[in-house]
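For what it's worth, the working numbering labels the leading residue of the sequence shown as 1, then goes sequentially.
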Amino acid sequence: MYDVIIIGGGPAGLTAGLYNARARLNVLLLERLAPGGQVLTTDWVENYPGFPDGVSGFELMDRMKTQAERFGLKIQSDEVAGLELSADRKAVLTAAGSLETKAIVLCCGATWKKLEIEGEDQLMGKGVSFCATCDGPFYRNQEVAVIGGGDTALEEAIFLTRFVSKIHLVHRRDKLRATRVLQERAMSQEKIEFIWDSIPVKILGEKGVEAIELKNVKTQAVSRKSVQGVFVFIGTLPNTDMVKGLIRLDENGFVVTDDNMQTSVPGVFAAGDIRSKLFRQISTAVGEGAAASYAVEKYLESLAG
Ligand SMILES: Cc1cc2nc3c(=O)[nH]c(=O)nc-3n(C[C@H](O)[C@H](O)[C@H](O)COP(=O)(O)OP(=O)(O)OC[C@H]3O[C@@H](n4cnc5c(N)ncnc54)[C@H](O)[C@@H]3O)c2cc1C
C-alpha cells in the first residue's frame with residue numbers, strides 16, 4: 001500500500017514527487033515514457049526562473065528528475081490504464097497489475113493537437129511551435145504563420161505581434177470561432193493578415209522552417225508563404241481518459257480542482273496542464289505540483305485521525 005501514487009513524470013509530477021519523497025512518504029511515480037513530459041519536446045526554455053541564460057528542455061527535466069530521485073522518489077515505467085475509486089479503496093491499474101494507494105496525484109498533462117502534415121514532426125522545436133509565450137521572442141522581426149481560429153490562436157497571435165514583423169493567420173473557415181472582442185482586437189492589428197478557407201498541407205525547411213504550403217479548401221488552389229515559424233493552435237487534449245466518469249471534468253475534459261489541487265474525489269489531486277485553468281507553463285505546473293504534495297500530506301494526516 002503506497003501513501004501516494006503520482007501519475008505522470010512531467011514538471012508537475014516530478015515536483016510533487018520531490019516534495020512527497022522528501023517528506024518521507026511512501027511515494028511512487030508512474031510514467032509511460034521517459035520522465036520529463038512535454039518539456040522534452042522543446043529545445044530551449046528561456047522563461048523558467050533560475051536560468052538567466054536559458055536551459056535546454058532536456059537538461060531542465062534531467063535536473064528535476066535527479067533532484068527528486070536524490071530524496072528517494074521511485075519512478076516506475078508504466079502506463080496507467082484506469083483507476084478504481086471507492087470510499088475505502090483507491091487503486092491504480094497498470095499493465096503490471098493493480099497498485100493500492102491512499103492518495104493519488106494526477107499529473108498526466110495535456111497533448112497539443114497536431115496538424116499531422118509533412119514537415120511538422122521533423123521541424124518541431126526548429127520553427128514549429130505550440131506556445132507563443134515560450135517561443136515568441138525567438139522570432140523577432142521574422143514572418144510566421146499562426147494556424148487556428150479560436151480564442152487561443154488569436155490571443156497567441158496578438159501576443160506574437162510584439163516580436164514578429166508579420167503574421168499569416170491561417171483559418172480553415174471564412175469566419176473565426178474566437179470571441180468577438182478578440183476578433184476585433186486581432187483584426188485591428190496591422191501585422192496580422194488573415195488567410196481564410198485554408199489549411200496547411202506541408203511545412204518546408206531543412207534546418208529550420210522556411211515556408212508553409214497552404215490549400216484553399218474552396219478552390220483547392222495550393223500556395224506557398226515564406227515564414228520562419230509556424231505556430232499551431234488547433235486545440236489541446238487533456239490526458240484524462242482514465243478518469244472520465246470518475247471525477248469532475250470541465251466542458252473541455254480538463255480536471256476541475258479547488259485552490260489546493262483537490263479534485264471532486266477526496267484523496268485524488270491534480271496538478272499541471274491536466275487541470276482546468278488558463279495558463280499552462282512549466283512554472284505553473286511546478287507550483288501546482290508542490291501545492292498538491294502539501295494537500296496530500298494534510299489528507300494523509302486526516303486519515304490517521
Ligand atoms: C513544444 C513545447 C514547448 C514548450 N515550451 C515551454 C517553455 O519554453 N516554457 C514553459 O514554461 N512551458 C513550455 N511549454 C509548456 C510546458 O511544457 C507544460 O506546461 C508543462 O510541461 C506541463 O507539465 P505537466 O507536468 O503538467 O505535464 P506534461 O509535461 O505534459 O507531463 C505529463 C506526463 O504524464 C505522462 N502521462 C500521461 N498519461 C499517462 C498515463 N496514462 N500513464 C503514465 N504516464 C502518463 C506523459 O507521458 C508525460 O510525461 C512547452 C510545451 C510544448 C509542447
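Built from N, CA and C at the ideal position, the CB exists for glycine as well.
| Straight-line CA distance for Gly136 to Leu214? | 22 angstroms
| query | Would a C-beta distance cut-off of 8 angstroms place Ile158 and Arg140 closer than the cut-off? | reply | no
| Separation of Gly253 from Ala130, as counted between CA atoms | For the record, residue 130 in the displayed sequence is Phe; it is not Ala. In a straight line, the C-alpha of Phe130 is about 19 angstroms away from that of Gly253.
| query | What did DSSP end up calling Gly150 once you bin it into helix, strand or coil? | reply | coil
| query | Can the beta-carbon of Val162 be found closer than 8 angstroms to that of Ser198? | reply | First, the residue type needs correcting, since residue 162 is Arg and not Val in the sequence shown. Not a contact, by the Cβ cut-off of 8 angstroms.
| said: Nearest by alpha-carbon distance to Lys175: which of Gly150, Ala270, Ala87, Val164 is it? | reply: Gly150
| Which whole-angstrom value describes the C-beta separation of Phe269 and Leu29, a residue pair presumed to lie in contact below a C-beta threshold of 8 angstroms? | The Cβ separation is near 14 angstroms, so there is no contact.
| Quick one: is the Cβ of Thr161 within less than 7 angstroms of any heavy atom of ligand 1? | no
| said: Between the alpha carbons of Gly267 and Lys102, how many angstroms are there, rounded? | reply: 7 angstroms
| query | Name the DSSP bridge partner or partners of Ile104? | reply | Ile5, Val268
| Are the stretch 63-75 and the stretch 7-18 in contact at 8 angstroms, needing three or more beta carbon pairs? | yes
| query | Can we count Glu120 as close to ligand 1, meaning its CB is less than 7 angstroms from some heavy atom? | reply | no
| task | Consider the C-beta atom of Ile167 and the heavy atoms of ligand 3; say whether any pair is separated by less than 7 angstroms. | result | Ligand 3 is absent from the structure shown, which contains only ligand 1.
| field | Arg89: first and last residue of the uninterrupted alpha helix (DSSP H) it sits in | value | Taken as a continuous stretch (DSSP letters only), Arg89 belongs to no alpha helix (DSSP H), being part of the beta strand (DSSP E) at 89-94.
| task | Starting from the Cα of Val164, find the closest Cα among Glu155, Gln142, Arg180, Glu156 and give me that residue. | result | Gln142
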